[in-house]
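Novice: By our numbering, the letter at position 255 of the sequence shown is numbered 255, and the numbering carries on one by one without gaps. Note that CB positions come from ideal geometry on N, CA and C, so glycine has one too.
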Amino acid sequence: MLAWNSVLNQSGPTEFVFHVFTAVPEFQAFLFLLFLLLYLMILCGNTAIICVVGTHSSLRTPMYFFLSNLSFLEICYTSVVVPLMLSNIFGAQKPIPLAGCAAQMFFFVTLGSTDCFLLAVMAYDRYVAICHPLHYTLVMTQKLCVQMVVGAMALALFLSLQLTVLIFTLPFCGHLREINHFLCDVPPVLRLACADTRVHQAVLYVVGILVLTVPFLLICVSYVFIALAILRIRSTEGRRRAFSTCSSHLTVVLLQYGCCSLVYLRPRSSTSEDEDRHIALVYTFVTPLLNPLIYTLRNKDVKGALKNVITGKTASDAH
Numbered sequence: 001m002l003a004w005n006s007v008l009n010q011s012g013p014t015e016f017v018f019h020v021f022t023a024v025p026e027f028q029a030f031l032f033l034l035f036l037l038l039y040l041m042i043l044c045g046n047t048a049i050i051c052v053v054g055t056h057s058s059l060r061t062p063m064y065f066f067l068s069n070l071s072f073l074e075i076c077y078t079s080v081v082v083p084l085m086l087s088n089i090f091g092a093q094k095p096i097p098l099a100g101c102a103a104q105m106f107f108f109v110t111l112g113s114t115d116c117f118l119l120a121v122m123a124y125d126r127y128v129a130i131c132h133p134l135h136y137t138l139v140m141t142q143k144l145c146v147q148m149v150v151g152a153m154a155l156a157l158f159l160s161l162q163l164t165v166l167i168f169t170l171p172f173c174g175h176l177r178e179i180n181h182f183l184c185d186v187p188p189v190l191r192l193a194c195a196d197t198r199v200h201q202a203v204l205y206v207v208g209i210l211v212l213t214v215p216f217l218l219i220c221v222s223y224v225f226i227a228l229a230i231l232r233i234r235s236t237e238g239r240r241r242a243f244s245t246c247s248s249h250l251t252v253v254l255l256q257y258g259c260c261s262l263v264y265l266r267p268r269s270s271t272s273e274d275e276d277r278h279i280a281l282v283y284t285f286v287t288p289l290l291n292p293l294i295y296t297l298r299n300k301d302v303k304g305a306l307k308n309v310i311t312g313k314t315a316s317d318a319h
């Protein structure tokens, strides 16, 4: 708590501004409508998954419990970034106070890290389900599932708090500084510091390894065992079903970890601020939007539950 107060009370600049996407009014309107549409689709798609999982007893299994938590994270994750981003598309640059920038970074890193940890937990769930099906209900108890989600959030909170406090105790030159990004992300804010940031950069790499590399390696190990188990399944239909449930998760994993690694684990000398901003658009919009699409389009159980909801509403409207 004392460390966080020191962040808010430090001397130096009191405000940041975000770099504008474009000064052309017509293009501003197009971007605003595009990002707003994508944001609404993310909200609707992920809310639908949460509602369907919560209202259908057939979907109250560990896999769908984790999926609904992932959808909730995606809603929070995009809501930390997109509303402020939309408000900054039109007109003059709107300043964000130091405390506001620190808060956005803290929640963005926390939710993004939890997302990565949860994808690793989901891989472990698939590993137990496919490699040890007879022990699945004994291993993946409701208590363990809740503990893994809470543990993922707690670890993300701890790492995010340390990183945010470390960065915002740095001195920043000038009163009003422009962040070449659409959010208070770690790399662009670090670039504005007028001090030696080598230690901070090293800490960022360590956090990146803990959040991205370690979970990704655990996912890879899980999928090696899963692939070997699938190859031992004799029936073609059994192999197809097992592969289908895993391919959806693997698609999301590759997109999420791939894009985040390009931003946070590349050497600073090889990074471009504009490239980072474009890649960030992928994990801010594309991944949260693809999550519900991939899991619903490739999952018969979720598609069936959604159809039941739609037909149920239709029937009630008819009466």
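1. Alpha carbons only, please: which of N308, N291, K307 and G304 is nearest the one belonging to M41?
2. Between the alpha carbons of P97 and F90, how many angstroms are there, rounded?
3. How close, in whole Å, do the beta carbons of F117 and V80 come, if the pair is a contact with beta carbons under 8 angstroms?
4. Whole alpha helix (DSSP H) runs in the segment 150 to 231 with 4 or more residues, listed along the chain?
5. Terminal residues of the continuous alpha helix (DSSP H) containing V121?
6. Using 8 angstroms for Cβ pairs, my map puts D115 next to L73. What's the rounded Cβ distance?
7. Given a cut-off of 9 angstroms, decide if C246 and I130 are closer than it, judged by their beta-carbon atoms.
8. Have a look at V224, V121 and F16 and flag the residue whose alpha-carbon is nearest the alpha-carbon of Q104.
9. I'd like the list of long-range same chain contacts for L265, defined as Cβ closer than 8 angstroms, with 5 residues on each side in sequence excluded.
10. In three-state DSSP terms, what is F35?
11. Which residues bound the alpha helix (DSSP H) around V24?
12. Please classify F90: does DSSP put it in a helix, a strand, or coil?
13. Could you check the C-alpha separation between L289 and C44 for me, to the nearest Å?
14. List the whole-angstrom C-beta distance separating Y127 from F225, where the pair is believed to meet the contact cut-off of C-beta under 8 angstroms.
15. So L170 and A193 are supposed to be a Cβ contact under 8 angstroms. How far apart are they, rounded?
16. Suppose you measure from the CA of H56 to the CA of S68; what does that come to, to the nearest Å?
17. Count the other CB atoms within 10 Å of the CB of F18; is the residue buried (16 or more) or exposed (fewer)?
18. May I have the straight-line CA-CA distance separating L70 from K94, to the nearest angstrom?
19. Quick check: F66 and M153, are their CB atoms within less than 9 angstroms of each other?
20. Taking just the CA atoms, how far does P215 sit from T141?
21. Please return the same chain residues whose Cβ sits closer than 6 angstroms to the Cβ of F285, not counting the five positions on each side in sequence.
22. Taking buried to mean at least 16 other C-beta atoms within 10 Å of its own C-beta, is L34 buried or exposed?
23. Going by beta-carbon coordinates alone, are V252 and I279 separated by less than 9 angstroms?
24. Which value, in whole angstroms, describes the spacing of the CA atoms of Q147 and Q28?
25. Spell out the partners DSSP gives E237 in its beta bridges.
Specialist: Taking the definition as stated:
1. Within the sequence shown, numbered from 1, the residue matching residue 41 stands at position 41. Comparing Cα positions, the closest option is N291.
2. Counting from one through the sequence shown, the residue named residue 97 turns up at place 97. Counting from one through the sequence shown, the residue named residue 90 turns up at place 90. Rounded to the nearest angstrom, the two C-alpha atoms are 19 angstroms apart.
3. Mapped onto the sequence shown, residue 117 falls at position 117. Mapped onto the sequence shown, residue 80 falls at position 80. Incorrect: roughly 17 angstroms between the Cβ atoms, too far for contact.
4. Whole alpha helix (DSSP H) segments, 4+ residues: 186 to 190 and 198 to 208.
5. For the purposes of this step, residue 121 is identified with residue 121 of the sequence shown, where counting begins at 1. Going by DSSP, V121 is part of the alpha helix (DSSP H) stretching over L98 to C131.
6. As a position in the sequence shown, residue 115 is number 115, starting the count at 1. As a position in the sequence shown, residue 73 is number 73, starting the count at 1. Their Cβ separation, rounded to whole angstroms, is 5 angstroms, which keeps D115 and L73 in contact under 8 angstroms.
7. If you number the sequence shown from 1, residue 130 lands on position 130. If you number the sequence shown from 1, residue 246 lands on position 246. Closer than 9 angstroms, so yes.
8. As a first step, residue 104 is located in the sequence shown; it is residue number 104 there, counting from the start. Put simply, of V224, V121 and F16 the residue whose alpha carbon is nearest the alpha carbon of Q104 is F16.
9. Counting from one through the sequence shown, the residue named residue 265 turns up at place 265. The answer, listed in chain order, is Y205, G208, I209, L212 and T213.
10. Position 35 of the sequence shown, counted from the start, is the residue given in the question as residue 35. The answer is helix: DSSP assigns F35 an H, G or I state.
11. Numbered from its first residue, the sequence shown carries residue 24 at position 24. Looking at the DSSP string, V24 is not in any alpha helix (DSSP H), and its letter there is neither H nor E.
12. Stepping through the sequence shown from its first residue, residue 90 is reached at position 90. Three-state result, F90: coil.
13. What you label residue 289 is simply residue 289 of the sequence shown in a count that begins at 1. What you label residue 44 is simply residue 44 of the sequence shown in a count that begins at 1. Each residue's alpha carbon lies about 10 angstroms from the other.
14. The residue you call residue 127 lines up with position 127 of the sequence shown. The residue you call residue 225 lines up with position 225 of the sequence shown. About 6 angstroms separates the CB atoms of Y127 and F225; that is less than 8 angstroms, so the two are in contact.
15. Locating residue 170 in the sequence shown gives position 170, where the first residue counts as 1. Locating residue 193 in the sequence shown gives position 193, where the first residue counts as 1. Indeed they touch by this definition, with Cβ atoms about 4 angstroms apart.
16. To locate residue 56, count along the sequence shown from 1; it is residue 56. To locate residue 68, count along the sequence shown from 1; it is residue 68. Those two C-alpha atoms are separated by around 12 angstroms.
17. Within the sequence shown, the letter at position 18 stands for residue 18. F18 is buried by the Cβ-count criterion.
18. On the sequence shown, position 70 is the one that residue 70 refers to. On the sequence shown, position 94 is the one that residue 94 refers to. Using only the alpha carbons, I get a separation of about 32 angstroms.
19. By 1-based counting over the sequence shown, the position of residue 66 is 66. By 1-based counting over the sequence shown, the position of residue 153 is 153. Result no, Cβ atoms of F66 and M153 do not sit closer than 9 angstroms.
20. Within the sequence shown, residue 141 is the residue found at index 141, counting from 1. Within the sequence shown, residue 215 is the residue found at index 215, counting from 1. Inter-residue distance for T141 and P215 is about 21 angstroms (C-alpha atoms, whole angstroms).
21. Counting from 1 along the sequence shown, the entry for residue 285 is found at position 285. Once the five neighbours on either side are set aside, the close Cβ partners of F285 are L38.
22. Residue numbering aside, residue 34 sits at position 34 when the sequence shown is read from its first letter. Exposed.
23. On the sequence shown, residue 252 is found 252 positions in, with the first residue counted as 1. On the sequence shown, residue 279 is found 279 positions in, with the first residue counted as 1. Using a Cβ distance threshold of 9 angstroms, V252 and I279 do not count as a contacting pair.
24. As a working note, residue 147 is residue 147 in the sequence shown. As a working note, residue 28 is residue 28 in the sequence shown. When rounded, the separation of the alpha-carbon atoms in Q147 and Q28 is 44 angstroms.
25. Counting from one through the sequence shown, the residue named residue 237 turns up at place 237. Under DSSP, E237 takes part in no beta bridge, so it has no partner.
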